[in-house]
Amino acid sequence: MTASFTPRGATLKSRMASVGAIAVAGALLLTGCGDQTDKATGGSNTNAAPLFNQLPKEIQSAKVIKVGSDINYPPVEFKKNGEVMGIDPDIADALGKQLGVKFEFNNGTFDTLLSGLRSKRYDIAMSAMTDNKGRQEGVDPDTGKKAGEGVDFVDYFTAGVSIYTKKGANTGIKTWDDLCGKKVVVQRGTVSHDLAKSQSKTCQKNGKGKISVEAFGNDTEAQTRLRGGGAVAGSSDFPVAAYAVKTSGGGKDFELVGEQVEAAPYGIAIAKKNTQLRDAIKQALALIVANGEYDKIIAKWGVKEGAVTKAIINGGK
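With the first letter of the sequence shown counted as 1, position 106 gets the number 102 in the numbering used here; the numbers rise by one all the way through.
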């Protein structure tokens, strides 16, 4: 889920460009490197893994990294036949092999993941979460005021936000400006939610009708509402919207409209104080980028446009 942050303008087209050059694995090694558990993924559970010794001692002992994730956001993370799968679990599996530990996915609603991280319920949050300055600094996107301790991000993907409608019923919608006076469904706490609220104010300022925004706990509920005719459009991250368009009703339910906006990095969220874990995960990501495992995962899910070529901390703006 592209996480909440101050929009940079609803008509801004995204450019899903890869960043940087491929990291050199050898150099990185020299620099030192109500929820329920749904999946433990990756890792050999031995210190033979190249980055095991770079992990905090408590994680070395547990041999598990606890992941907070909203596991209802295909194709990023979702359940199929009781198994958690998707882009994030596959990347976590590859990271686990480099770190020698398991990534244990725990299901939670998206807007509670960072509070779970702060309370140490999770070691990290990995759930299509946008890296942006507001989350880095713990600033509430609605008030602009400090709301809690910020987090650090290890960036691993790039995605923008898309609008989708019922197939054959886009009623001339091409941009966010076209949503004035209409009803939109979104997932609560995401950039789509923030962008819809911001655009509604712009609509009113320009003498047009406000946007009626209905927010749900997960994106699947929003899609169900749109499918049933409860709104004229929905908005979510491009990979998720594109997946829904491709799969829902065998491709007969929805269609994408207009261009992506608000392109930004997804990041693995880690507590500010846990720099050792942050740096170990960054190095693990650099290794799987360098050895080709990352590219295989991205290709498998058909999202090459969002690939990164370098591990970066706090690259969001």
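For every residue, glycine included, the Cβ atom is placed at its ideal position computed from N, Cα and C.
Keeping to the same chain, check which residues put their C-beta closer than 7 Å to that of residue i; ignore five residues upstream and five downstream.
i, result
"A23", "Its pLDDT being 36, under 50, A23 is placed unreliably in this model, and the coordinates cannot settle the point."
"K163", "K248, D249, F250 and E251"
"V253", "I159, Y160, T161, N166, I169 and K170"
Can you tell me which of the options puts its alpha carbon nearest to the alpha carbon of residue i?
i, options, result
"S158", "D136, G177, G140 and T186", "T186"
"Q219", "R184, K193, T198 and D190", "R184"
"L207", "G230, L191 and C176", "Leu is not the amino acid found at residue 207; the sequence shown has Ile there. The option with the nearest alpha carbon to I207 is C176."
"I227", "M125, E54, A303 and V181", "Reading off the sequence shown, one finds Ala at residue 227, where the question assumed Ile. For A227, the nearest C-alpha among the options comes from V181."
"T139", "I294, K269, D190 and N49", "D190"
"K269", "D173, P52 and W172", "P52"
"K59", "Q195, P70, P71 and A45", "A45"
"G245", "P261, R223 and V253", "R223"
"K242", "S57, T198, N49 and P70", "P70"
"E54", "G78, D107, T105 and K116", "K116"
"K313", "P261, S57 and T305", "P261"
Going along the chain, which residues of its own chain have a beta-carbon closer than 6 Å to the beta-carbon of residue i, five neighbours each way excluded?
i, result
"Q256", "S10, G156, S158 and F234"
"M122", "V63, S65, D84 and I264"
"L47", "C29, Q94, L95, A276, Q279 and A280"
"E133", "G146"
"D119", "I61 and K62"
"A295", "none"
"S188", "V157, V182, S231 and S232"
Which value, in whole angstroms, describes the spacing of the CA atoms of residue i and residue j?
i, j, result
"E73", "K141", "31 Å"
"A165", "N214", "23 Å"
"A259", "T154", "7 Å"
"N310", "I169", "34 Å"
"G179", "P137", "The question names Gly, yet the displayed sequence has Lys at residue 179. K179 and P137: Cα-Cα distance of roughly 22 Å."
"G82", "G298", "11 Å"
"S231", "I67", "18 Å"
"R396", "T271", "For the chain, the structure presents residues -3 to 313; residue 396 sits outside this window and is missing."
"A192", "V209", "7 Å"
"D173", "T167", "13 Å"
"M317", "R131", "Residue 317 cannot be examined here, being either before or after the span of the chain that is shown, -3 to 313."
"K76", "S111", "27 Å"
"A303", "L91", "16 Å"
"Y152", "G225", "36 Å"
Can you find the residues in the same chain that come closer than 8 Å, C-beta to C-beta, to residue i, ignoring five residues on each side of it along the sequence?
i, result
"V135", "K129, K141, K142, A143 and G146"
"V150", "G263, I264, I266, R274, I277, K278, L281, A307, I308 and I309"
"L109", "G64, S65, D66, Y118, A121, S123, M125 and A265"
"F212", "V181, V182, Q183, R184, A218 and R221"
Can we count residue i as close to the ligand GTP, meaning its CB is less than 7 Å from some heavy atom?
i, result
"A238", "The ligand GTP is not among the ligands present in this structure, which contains no ligands whatsoever."
### Query
So, do the region 197 to 214 and the region 141 to 149 have three or more beta carbon pairs nearer to each other than 8 Å?
The region 197 to 214 is not in contact with the region 141 to 149.
### Query
Three or more C-beta pairs closer than 8 Å, one from the region 85 to 96 and one from the region 283 to 290: is that the case here?
Touching, yes, given that three or more Cβ pairs across the two stretches are closer than 8 Å.
### Message
Three or more C-beta pairs under 8 Å: does that hold for the region 93 to 103 against the region 225 to 238?
### Response
No, the region 93 to 103 does not touch the region 225 to 238.
### Task
Determine, using beta-carbon pairs with one atom in the region 48 to 66 and one in the region 100 to 119, whether at least three such pairs fall under 8 Å.
Three or more Cβ pairs closer than 8 Å define a contact, and the region 48 to 66 meets that threshold against the region 100 to 119.
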